[in-house]
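Residue numbers (our numbering), protein chains in the order written: chain A, 1 to 481; chain B, 482 to 578; chain C, 579 to 1055.
Glycine included, every Cβ here is placed at the ideal spot set by N, Cα and C.
Owing to the predicted nature of the structure, the values given are computational and were not obtained by experimental measurement.
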Amino acid sequence: MDLSRLTISGLAERLRKNESTQKDALEALSKSIRERDTDVRNIRAYVPREAIKPIHRKADRNSPLWGVPIAMKDNICVEGLEVTCASNILKGFVSPYNATVVEKLLDAGAVIYGQTNQDEFAFGSSCETSCYGPTRNPRDPQCVPGGSSGGSAAAVADHTAIAALGSDTGGSIRQPAAFCGVVGIKPTYGRVSRYGLVAFASSLDQIGPITKDVRDAAILLGVIAGHDPKDSTTANVPVPDYTSFLGKSVKGMKVGKPKEYFEAGLTPEVAKSIEESCAALRSLGVEIVDVSLPHTQYSVNVYYIVAPSEASSNLARFDGVRFGHRSKSSATLLDLFEKSRGEGFGAEAKRRIILGTYSLSSGYYDAYYLKAMKVRTKIKQDFDDAFKKVDAILTPTAPSGAFKLGEKTADPLQMYLSDIFTISANLAGVPAISLPCGIVQKNLPVGLQFLGRPFEEEKLFQLAYAFEEATGWHKKLGNVS
Amino acid sequence: MGSIDLKHIARLARLHLSDEELKFLETQVSQILAFVEKLGQVKGLEGVEPTSHPFAVSNVFRDDVPQSSLNIEEVLKHSPQAKGRFFQVPKVIEDKN
Amino acid sequence: MIPTIGLEVHVQLATRTKIFCGCAVEFGAPPNKNVCPVCLGLPGALPVLNREVFGLGLRAVLALGGEVSSVVKFDRKNYFYPDLPKGYQISQFAHPLGVGGSVEIDAGGKPKAVRLNRLHLEEDAGKLLHDQLPDSSVVDLNRAGTPLAEIVTEPDLDSAEEAYQYLTTLKAILRSAGASECDMEKGQLRCDANISVRKNPSDLLGKRVEVKNLNSFKAVRLAILHEITRQSAALEKGEKLVQETRLWDDERQKTFTMRSKEDAHDYRYFPEPDLVPFFVKKEDVEKVRASLPEMPKAKEDRFIKQYGLTTYDAKTLNLEKETADYFESCVRQYAQPKSIANWLTGPVAAYLNANPVSFKELGLREEWLIEMAQLVEGGKISFQAAKEKLFPEVIALKKRPQEVMKEKGLEQVSDDSALGSWIKEAIEANPKVVADYKAGKDTAAMFLVGQVMKKSQGKANPVKVKELMASKLAESN
Ligand SMILES: [Mg+2]
Ligand SMILES: [Zn+2]
Chain A
1 MDLSRLTISG LAERLRKNES TQKDALEALS KSIRERDTDV RNIRAYVPRE AIKPIHRKAD
61 RNSPLWGVPI AMKDNICVEG LEVTCASNIL KGFVSPYNAT VVEKLLDAGA VIYGQTNQDE
121 FAFGSSCETS CYGPTRNPRD PQCVPGGSSG GSAAAVADHT AIAALGSDTG GSIRQPAAFC
181 GVVGIKPTYG RVSRYGLVAF ASSLDQIGPI TKDVRDAAIL LGVIAGHDPK DSTTANVPVP
241 DYTSFLGKSV KGMKVGKPKE YFEAGLTPEV AKSIEESCAA LRSLGVEIVD VSLPHTQYSV
301 NVYYIVAPSE ASSNLARFDG VRFGHRSKSS ATLLDLFEKS RGEGFGAEAK RRIILGTYSL
361 SSGYYDAYYL KAMKVRTKIK QDFDDAFKKV DAILTPTAPS GAFKLGEKTA DPLQMYLSDI
421 FTISANLAGV PAISLPCGIV QKNLPVGLQF LGRPFEEEKL FQLAYAFEEA TGWHKKLGNV
481 S
Chain B
482 MGSIDLKHIA RLARLHLSDE ELKFLETQVS QILAFVEKLG QVKGLEGVEP TSHPFAVSNV
542 FRDDVPQSSL NIEEVLKHSP QAKGRFFQVP KVIEDKN
Chain C
579 MIPTIGLEVH VQLATRTKIF CGCAVEFGAP PNKNVCPVCL GLPGALPVLN REVFGLGLRA
639 VLALGGEVSS VVKFDRKNYF YPDLPKGYQI SQFAHPLGVG GSVEIDAGGK PKAVRLNRLH
699 LEEDAGKLLH DQLPDSSVVD LNRAGTPLAE IVTEPDLDSA EEAYQYLTTL KAILRSAGAS
759 ECDMEKGQLR CDANISVRKN PSDLLGKRVE VKNLNSFKAV RLAILHEITR QSAALEKGEK
819 LVQETRLWDD ERQKTFTMRS KEDAHDYRYF PEPDLVPFFV KKEDVEKVRA SLPEMPKAKE
879 DRFIKQYGLT TYDAKTLNLE KETADYFESC VRQYAQPKSI ANWLTGPVAA YLNANPVSFK
939 ELGLREEWLI EMAQLVEGGK ISFQAAKEKL FPEVIALKKR PQEVMKEKGL EQVSDDSALG
999 SWIKEAIEAN PKVVADYKAG KDTAAMFLVG QVMKKSQGKA NPVKVKELMA SKLAESN
């Protein structure tokens, strides 16, 4: 039996019953990484590091993740490991501390195993802006895995990881999960601690699981969620046992279909998959109703003011003084700053720093940042209104299946628009899950997105699990055997 | 919006850009700005509170109790340039308080 | 020329730990000892506000008569400097902790209210040191994240003296409120001054010059005087002044231009997304207000009324909260407020001025001060001798004044026979003076009394000597 093909729940059970050892599991993963990730298919879901160093601590045998290896996106701090956000500017930075999610995983018995590739600082939707080069989509290596958590999604889809953590600022968990045919959830803003997640846009970022099936996502979120005294923005809301909602009937649940999401940009094949998904949900007793999110059309516009503004400030600490890259030509202080940053940041990071600096600069703040924050309020109100009528909202995760490597790199605006369906959840702070719901162009998965009320992730799991069970896409795609 | 002073913005951001990058960014940034300016169409924003946090968490404090600090040697080991217990930078002539 | 002055004062709030992390606030620690991911600005670290910072900030606002904002928020002030780890300072821009308030100062004998614009909370930067290595500067981040309250006045000050008065009064208030120790030597109170001059009251305000690096009250006074002179001279000559930032050079006693920044200040303030808003309830504000001790000005007025002190004494006693409390405690044990006040504003204040010790370090026990006052009052020692001889010995030996007086033989001599013989000697040795006296020159007697005091090495009871001298001179008539 190849242990790398197991889910969290499957592997944890075998380990607990002593049918396999932790060592077996790590060896199986190591072998699959060697064979599929680096050698033969060159997927490159992992960032190149000398050797993967497993990190774990003593934990109770009955801990939910006892012995289960979990891969980390390269923007989550793990003590003693180099953490670079796939950027040259952070090369050589070894974190002296653990992110809160890492602490929680270790306490739950997990083994931190491997760091996954991403767009530089999570700026991108294709995993192509990484300083280590792109990750490929295991479903079709000519295609991108999506981004920015492309490495995490590709590793899970390719069975080179049991499960992984990603981060989502505008769709960075859900869109790659959709492109790679796996499950990804962006929790409610404040549900999971951001302490130790290298910040991109602080008011939008959330860490979340990328897994082979819905059950694993429920298990993993249950471990990492909760209030953290080190993150002022985490909510003091109890974390329910998400797995207890799996298998519950969804009969009578109301799911809204926002008409604005189906008006433009959707490929006919994706539209068809979504229609079939609606039919499947109806046959489970779910009532699909029309809703309207009128300001959602401005999501991308708002996002490309708010996110780069916050990013331009968050990235100021990469100045070559205390860690990371310092230019060799740093004779003066100004050179130290400008050259180190000029050499260390890639093209997309530079673009966003410039955009954000401009939006915040004197004379433009009101016209850009302040205005965007007000429209953000409107977008949030749209969701509040819709959730008065429905339990969840359904949309495609992305307008199309995975696109080809290099297809959108020349046109940043086109790239930005590939997040058109995912961004509003970050702006409104609501939770959203993506799971496979079809295949287009023979081998490219399509993602279905459910958005929920704040802190009602359990409803998303309930719906997603019922859908997964009824349609079996996780099996058809080979995520579980 | 007029043409933006990219060099000034880059200086504010302490970001060295090559001439090629400057040219490249000039077009792209203008395109993106033209795109985001679609926000001008949104009506009825008078009196709308700007959202800087999605949810109303408030009054979060920590107690004034000392926690252990980091071992600076470990941090300095991975820093670009260090001397003794200090981070080292080029001589700064201008004094600033 | 009419100067207009406003001050921006940063005071360190008296907490154990930093504003956004649990690192200890410690003066003089080894470089980079008290640092963590948060105050080092490491990737991924997040700030959480220290409750005590908020509490002490509230006390400061209320003690200064300001209004506490009902919604308090933090903003990021973005700029690059090696001592600023995150590339931004967490400060307050749009929603400061407090607005308004005032500080009443003594402006040439008249009370004057200096209006405050605002008080906001922010984090301190680290230190960039230039004297450690020949060709490099080095960064110490122990100070990074130290909690500060920035207190900004309206441009209400008219002179260097008023600025000085403002600072001493502000310090006394903040210390009383327990918000800050305001120890300038430890950098706990730092001041920037905005100074402009104009020719006529009807003129618009002149170009504002900001002077930084004022590390003592003396430096503030000197720098303002220097700037007023410099700017006035320039205006007289018809030169144009520019709005700029200048630094005070303590050695050369002058200000000089800070090489103008590469870019105009554009701090790109925006709401700090890593911190949440803070809502302040009215009842909580009232609780803090009720817990504030009596402020120096109120206490000063009370001292005048209750103890019959002079304005000068009341003011001097209230410059430091410790002294005022000490005074009252002594008076409770020995109901002679004037004599206690005399001791504190006289010999004690003089000693503190001449020696580099604080009142606390002086170690003068209340019972000792009371005993000295009693000895003088009871005629056991003259005030003069007690002040000049006894007091320094008590401080040096750390012993009861009674014992010191005996050991050192400082007791006042009131014994008639001892005094009588000194008087006799004085009269016999100065026949001409005696003759003058007899010729009607009353002051001649004073000379003779002085001679007796000298002979007794200050120990003779001057009142007694005067009495006896008068009768002796009358006898020999
Ligand atoms: Mg300040
Ligand atoms: Zn710290």
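Under 8 Å between C-beta atoms, does Leu-526 of chain B make it to chain A? Reading the second sequence from its first residue, position 45 is the one you call residue 526 of chain B. Taking Cβ atoms only, chain A reaches closer than 8 Å to Leu-526 of chain B, which makes this a yes.
In the DSSP assignment, find the alpha helix (DSSP H) that holds Ile-354 of chain A and state where it starts and stops. In the first sequence, the residue the question calls residue 354 of chain A occupies position 354. 347 to 360 is the span of the alpha helix (DSSP H), which, as asked, contains Ile-354 of chain A.
Based on the DSSP secondary-structure assignment, which residues constitute the bridge partners of Met-72 of chain A? Indexing the first sequence from 1 puts residue 72 of chain A at position 72. Met-72 of chain A pairs with A:Gln-115 and A:Leu-165.
Contact test: Ser-669 of chain C Cβ vs ligand 1 heavy atom, cutoff 7 Å: For the purposes of this step, residue 669 of chain C is taken as the residue at position 91 of the third sequence. Checking every heavy atom of ligand 1 against the Cβ of Ser-669 of chain C, one is found closer than 7 Å.
Can you list the residues near ligand 2, meaning Cβ strictly closer than 5 Å to any non-hydrogen atom, in the order they appear in the chain? Any residue whose Cβ sits closer than 5 Å to a heavy atom of ligand 2 makes the list: C:Cys-599, C:Cys-601, C:Cys-614, C:Val-616 and C:Cys-617.
Under the assumption that Ser-312 of chain A contacts Ile-353 of chain A (Cβ atoms under 8 Å), give the Cβ distance between them as a whole number of angstroms. Position 312 of the first sequence holds residue 312 of chain A. Position 353 of the first sequence holds residue 353 of chain A. A Cβ-Cβ distance of about 5 Å is found for the pair Ser-312 of chain A and Ile-353 of chain A, placing them in contact under the 8 Å criterion.
On the three-pair Cβ rule with 8 Å, is the stretch 375 to 386 of chain A touching the stretch 526 to 542 of chain B? Segments in contact, yes.
Cβ of Glu-700 of chain C versus every heavy atom of ligand 1: is any distance shorter than 7 Å? The residue given as residue 700 of chain C occupies position 122 in the third sequence. Flag set: Cβ of Glu-700 of chain C near ligand 1.
Do the stretch 588 to 603 of chain C and the stretch 615 to 632 of chain C meet, that is, are 3 or more Cβ pairs less than 8 Å apart? The stretch 588 to 603 of chain C makes contact with the stretch 615 to 632 of chain C: 3 or more CB pairs, one atom from each, lie closer than 8 Å.
Taking the alpha-carbon of Leu-640 of chain C as reference, which of C:Asp-994, C:Ala-703, C:Ser-680 and C:Ala-1052 has the nearest alpha-carbon? Taking the first residue of the third sequence as 1, we reach residue 640 of chain C at position 62. Distance check between Leu-640 of chain C and each of C:Asp-994, C:Ala-703, C:Ser-680 and C:Ala-1052 places C:Ser-680 closest, using alpha-carbon atoms only.
Closest Cα partner of Glu-407 of chain A within the set A:Pro-258, A:Cys-143 and A:Ile-207: As a first step, residue 407 of chain A is located in the first sequence; it is residue number 407 there, counting from the start. That would be A:Cys-143, whose Cα lies nearest to the Cα of Glu-407 of chain A.
Could you please give me the residues that DSSP links to Phe-568 of chain B through a beta bridge? As a working mapping, residue 568 of chain B is identified with position 87 in the second sequence. Paired residues: B:Ala-563 and C:Val-717.
Whole angstroms are fine: how far does the CA of Tyr-416 of chain A sit from the CA of Lys-475 of chain A? Here residue 475 of chain A is taken as the residue at index 475 of the first sequence, counted from 1. Here residue 416 of chain A is taken as the residue at index 416 of the first sequence, counted from 1. Looking at the two C-alpha atoms, the distance is approximately 31 Å.
Roughly how many angstroms lie between the CA atoms of Asn-578 of chain B and Leu-585 of chain C, to the nearest whole one? As a working note, residue 578 of chain B is residue 97 in the second sequence. As a working note, residue 585 of chain C is residue 7 in the third sequence. Note that Asn-578 of chain B has pLDDT 37, beneath the 50 cutoff, so the model's placement of it is unreliable and the number below is only indicative. Their backbone Cα atoms lie some 15 Å apart in a straight line.
Would Gln-884 of chain C be called buried (16 or more neighbouring beta carbons within 10 Å of its own) or exposed? Here residue 884 of chain C corresponds to residue number 306 of the third sequence, with the count starting at 1. Label assigned to Gln-884 of chain C: exposed.
Taking its Cβ as the centre, do 16 or more other Cβ atoms sit within 10 Å of Gln-1035 of chain C, making it buried, or is it exposed? Along the third sequence, one-based indexing puts residue 1035 of chain C at 457. By the 10 Å Cβ count, Gln-1035 of chain C comes out exposed.
Could you tell me whether the stretch 73 to 90 of chain A touches the stretch 33 to 41 of chain A, using the rule of 3 or more Cβ pairs below 8 Å? Flag = no, the stretch 73 to 90 of chain A and the stretch 33 to 41 of chain A do not touch.
At least three beta-carbon pairs within less than 8 Å, the stretch 119 to 137 of chain A to the stretch 148 to 163 of chain A: Segments in contact, yes.
Anything in chain A within Cβ reach of Lys-504 of chain B, meaning under 8 Å, just list it in chain order. Taking the first residue of the second sequence as 1, we reach residue 504 of chain B at position 23. Residues of chain A passing the Cβ test: none, with the nearest at roughly 13 Å.
So with Cβ pairs under 8 Å, would you call Leu-551 of chain B a contact of chain C? The residue labelled residue 551 of chain B in the question sits at position 70 within the second sequence. Among the CB atoms of chain C, one or more fall inside 8 Å of the CB of Leu-551 of chain B.
Terminal residues of the beta strand (DSSP E) in which Ser-680 of chain C lies: Numbered from 1 along the third sequence, position 102 holds the residue referred to as residue 680 of chain C. Secondary structure note for Ser-680 of chain C: its beta strand (DSSP E) is the uninterrupted segment 680 to 685.
If we count Cβ pairs, one from each stretch, closer than 8 Å, do we get three or more for the stretch 727 to 745 of chain C versus the stretch 600 to 613 of chain C? With the cut-off at 8 Å, the stretch 727 to 745 of chain C and the stretch 600 to 613 of chain C do not touch.
Specify whether the stretch 214 to 224 of chain A and the stretch 252 to 271 of chain A touch according to this definition: at least 3 beta carbon pairs, one from each stretch, less than 8 Å apart. Note that the stretch 214 to 224 of chain A does not touch the stretch 252 to 271 of chain A; fewer than 3 beta-carbon pairs, one per stretch, sit closer than 8 Å.
Does any residue of chain A bring its CB to less than 8 Å from the CB of Leu-675 of chain C? Here the question's residue 675 of chain C lines up with position 97 in the third sequence. False, the Cβ-Cβ gap to chain A never drops below 8 Å.
Under 8 Å between C-beta atoms of Leu-675 of chain C and Leu-697 of chain C: For the purposes of this step, residue 675 of chain C is taken as the residue at position 97 of the third sequence. For the purposes of this step, residue 697 of chain C is taken as the residue at position 119 of the third sequence. At the C-beta level, Leu-675 of chain C and Leu-697 of chain C come within 8 Å of one another.
Answer with yes or no whether the minimum CB distance from Ala-199 of chain A to chain C is below 8 Å. The residue you call residue 199 of chain A lines up with position 199 of the first sequence. True, the Cβ-Cβ gap to chain C drops below 8 Å.
Here's a check: name, in chain order, each residue in its chain whose Cβ is nearer than 6 Å to the Cβ of Pro-138 of chain A, leaving out the five neighbours to either side. Reading the first sequence from its first residue, position 138 is the one you call residue 138 of chain A. Beyond the five residues adjoining it in sequence on each side, Pro-138 of chain A comes within less than 6 Å, by CB distance, of Ile-43, Ala-154, Ala-157 and Asp-158 in the same chain, given in chain order.
Identify whether Arg-768 of chain C lies in helix, strand or coil by the three-state DSSP scheme. Position 190 of the third sequence, counted from the first residue, corresponds to residue 768 of chain C. When DSSP states are grouped into helix, strand and coil, Arg-768 of chain C belongs to the strand group.
List the residues that DSSP assigns as beta-bridge partners of Arg-41 of chain A. Stepping through the first sequence from its first residue, residue 41 of chain A is reached at position 41. Residue pairing for Arg-41 of chain A: DSSP places it in no beta bridge.
Taking the C-alpha atoms as reference points, what is the distance between Lys-558 of chain B and Leu-968 of chain C? In the second sequence, the residue the question calls residue 558 of chain B occupies position 77. In the third sequence, the residue the question calls residue 968 of chain C occupies position 390. Take the alpha-carbon of Lys-558 of chain B and the one of Leu-968 of chain C: they are about 60 Å apart.
Three-state secondary structure (DSSP) at Phe-857 of chain C? Stepping through the third sequence from its first residue, residue 857 of chain C is reached at position 279. DSSP places Phe-857 of chain C in the strand class (E or B) of the three-state scheme.
Below-8 Å beta-carbon distance, Pro-308 of chain A vs any chain C residue: Working through the first sequence from its first residue, we reach residue 308 of chain A at position 308. For Pro-308 of chain A, the answer is no, since every Cβ of chain C falls outside 8 Å of its Cβ.
Hey, quick one: how far does the beta strand (DSSP E) through Lys-257 of chain A stretch, first residue to last? Mapped onto the first sequence, residue 257 of chain A falls at position 257. Run containing Lys-257 of chain A: 254 to 258, per the beta strand (DSSP E) assignment.
Quick one, are the C-beta atoms of Ala-1023 of chain C and Met-1047 of chain C less than 8 Å apart? Within the third sequence, numbered from 1, the residue matching residue 1023 of chain C stands at position 445. Within the third sequence, numbered from 1, the residue matching residue 1047 of chain C stands at position 469. For Ala-1023 of chain C and Met-1047 of chain C, yes; Cβs fall inside 8 Å.
Between the stretch 490 to 499 of chain B and the stretch 337 to 350 of chain A, do three or more beta carbon pairs fall short of 8 Å? These segments touch.
Under 8 Å: do the stretch 382 to 402 of chain A and the stretch 172 to 189 of chain A share three or more Cβ pairs, one atom per stretch? In short, these stretches touch, since the Cβ pair count reaches three.
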